[in-house]
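Taking this note's numbering, I'd label the letters of the sequence shown as residues 36 to 221. The beta-carbon is built from N, C-alpha and C at its ideal position, and this holds for glycine as well. Heads up, the thing below is written out as structure tokens.
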Amino acid sequence: MIRRNSFRIGLAAAGLLTTFLACSSYAAKSSRSSGGDSSPITVVIDAGHGGYDRGGIPGQRVSEKDMTLDVAQRLGRALEASGYRVVMTRNSDVFVPLGTRCAIANSYRNAIFVSVHFNSATRRGASGIETYFYSRDSLALASAIHHYVAGGAPSENRGVRRRGYYVLRRTNMPAVLVECGFLTNP
Numbered sequence: 036m037i038r039r040n041s042f043r044i045g046l047a048a049a050g051l052l053t054t055f056l057a058c059s060s061y062a063a064k065s066s067r068s069s070g071g072d073s074s075p076i077t078v079v080i081d082a083g084h085g086g087y088d089r090g091g092i093p094g095q096r097v098s099e100k101d102m103t104l105d106v107a108q109r110l111g112r113a114l115e116a117s118g119y120r121v122v123m124t125r126n127s128d129v130f131v132p133l134g135t136r137c138a139i140a141n142s143y144r145n146a147i148f149v150s151v152h153f154n155s156a157t158r159r160g161a162s163g164i165e166t167y168f169y170s171r172d173s174l175a176l177a178s179a180i181h182h183y184v185a186g187g188a189p190s191e192n193r194g195v196r197r198r199g200y201y202v203l204r205r206t207n208m209p210a211v212l213v214e215c216g217f218l219t220n221p
């Protein structure tokens with residue numbers, strides 16, 4: 036139990052710090068390229084799964100929905116403390132349909148979308164961190180976040196990949212989905 040709790044706290048802290056650093060780096064670059072728009076960037080944080088959708092695979096001990104919510108809330112607090120406007124797609128253990136998550140994000144201007152997830156596999160030894168994007172304007176954000184997340188973790192770097200996940204296709208802003216590691220193989 037102590038090992039599992041340490042693992043959970045470590046993953047949450049790593050996800051929090053690295054995503055915060057990447058958002059800060061991306062915001063600084065965005066501000067320079069947009070002529071110095073001084074309005075704060077809105078970071079829409081999507082804690083994956085929730086409610087009856089626990090995520091992961093059947094029989095998995097650690098619930099992905101709980102981990103994503105924990106990391107998303109910690110990340111949100113850190114970003115707010117640094118002056119970012121933060122919008123959460125969920126703040127509790129409720130199911131939010133994918134279309135609603137996208138509608139929440141799309142209602143903000145000057146925003147980025149970060150969907151937090153954890154991977155699972157039946158194959159023992161599967162490990163690593165991967166970051167997904169869909170549109171070209173999301174590649175810089177995906178690369179920045181992945182650089183910090185994968186660079187600070189003692190885990191395999193599975194890379195930045197283009198995928199057509201619903202929340203990435205249906206958001207009208209730079210959007211990424213980060214798989215912060217494998218819950219089945221800490």
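Original post:
Relative to the alpha-carbon of Y201, which residue among L176, F168, A185 and I180 has its alpha-carbon at the smallest distance?
Top reply: Here residue 201 corresponds to residue number 166 of the sequence shown, with the count starting at 1. When each option's Cα is compared against that of Y201, the closest is F168.
> On the three-state DSSP scale, how would you describe G134?
Replying inline: The residue you call residue 134 lines up with position 99 of the sequence shown. Assignment of G134 by DSSP, reduced to helix, strand and coil, places it in the helix class.
Is DSSP giving Y201 helix, strand or coil here? Along the sequence shown, one-based indexing puts residue 201 at 166. If DSSP states are grouped into helix, strand and coil, Y201 belongs with the helices.
- Query: With a CB to CB cut of under 6 angstroms and the five nearest residues on each side skipped, what residues in its chain are close to R198?
  - Reply: Numbered from 1 along the sequence shown, position 163 holds the residue referred to as residue 198. Hits under 6 angstroms: Y167.
What would DSSP say about H152, mapped onto helix, strand or coil? Working through the sequence shown from its first residue, we reach residue 152 at position 117. It is a strand residue.
Q) Apart from the five residues just before and just after V129, which ones in its own chain have a Cβ nearer than 8 angstroms to its Cβ? A) Within the sequence shown, the letter at position 94 stands for residue 129. Within the same chain, V129 has close Cβ partners G85 and G86.
Which of the three DSSP states is assigned to G194 in this structure? Position 159 of the sequence shown, counted from the first residue, corresponds to residue 194. Correct three-state label for G194: strand.
Look at the alpha carbon of N145 and the alpha carbon of E115, and state the distance between them as a whole number of angstroms. In the sequence shown, residue 145 corresponds to position 110, counting from 1. In the sequence shown, residue 115 corresponds to position 80, counting from 1. Going by the C-alpha atoms only, they are around 16 angstroms apart.
Is the separation between the beta-carbon of N141 and that of T206 shorter than 8 angstroms?
Within the sequence shown, numbered from 1, the residue matching residue 141 stands at position 106. Within the sequence shown, numbered from 1, the residue matching residue 206 stands at position 171. Judged by their CB atoms, N141 and T206 are nearer to each other than the 8 angstroms cut-off.
What is the DSSP secondary structure of M102, counted as helix, strand or coil? In the sequence shown, counting from the first residue as 1, residue 102 sits at position 67. It is helical.
Worksheet item: Which class does A161 belong to by DSSP, given the choice of helix, strand or coil?
Response: Numbered from its first residue, the sequence shown carries residue 161 at position 126. Here A161 carries a coil assignment [DSSP, helix/strand/coil].
Length of the line joining the Cα atoms of H152 and S162 = Mapped onto the sequence shown, residue 152 falls at position 117. Mapped onto the sequence shown, residue 162 falls at position 127. Approximately 14 angstroms, taken between the alpha carbons.
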